[in-house]
Amino acid sequence: IYQINPQTSKLSRHQIHHGPLKQRSNRLVILDESSSSNCNDGGSSEENDDDLSLFIELMSPISSAQPDQMSASSLAYLGDVVFELFIRSRYVWPQRRMPVLQNTVVGLVNAEAQSKLLQKFVDNFALTPAE
């Protein structure tokens, strides 16, 4: 069993179960080590633990992050990623050919289109000074 400490985002390993088990709970990941060992590249168990730790670390938010202390360009960069993911999710169905999908997304996720959307948003919703 691998458990993530929410304060440190560190992964700890507890060996209290062996065999197949497909169960997830809050901040707890249980892996079937016997099936995962069949899929590895022959590396040691320690290397696999390091890979898993790296994956968990990359997928966990940084606990010390303070969005109100981030630069405007950093916030814009993250906002662009979230906005593009939303647009891609919205236009992926019904199925389209990839070039059509890409052109649609690029047409909406660019500075000019975002400026127009922001203006519509500002015109229709009251914003706080922080926003």
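To convert a position in the sequence shown, counted from 1, into this note's numbering, add 26.
Backbone N, C-alpha and C fix where the C-beta goes; we use that ideal spot for every residue, glycine too.
Everything numeric in this text was worked out from a predicted model, so none of it was measured.
Taking 9 Å as the cut-off, the Cβ atoms of Val-131 and Glu-110 count as close. In the structure shown, the three-state DSSP call for Val-135 is coil. Taking a cut-off of 8 Å on C-beta distances, the stretch 123 to 139 touches the stretch 99 to 114, as three or more cross pairs fall below it. With contacts defined as CB atoms closer than 9 Å, Leu-101 and Pro-93 qualify as a contacting pair.
Here DSSP, grouped into helix, strand and coil, assigns Arg-114 to helix.
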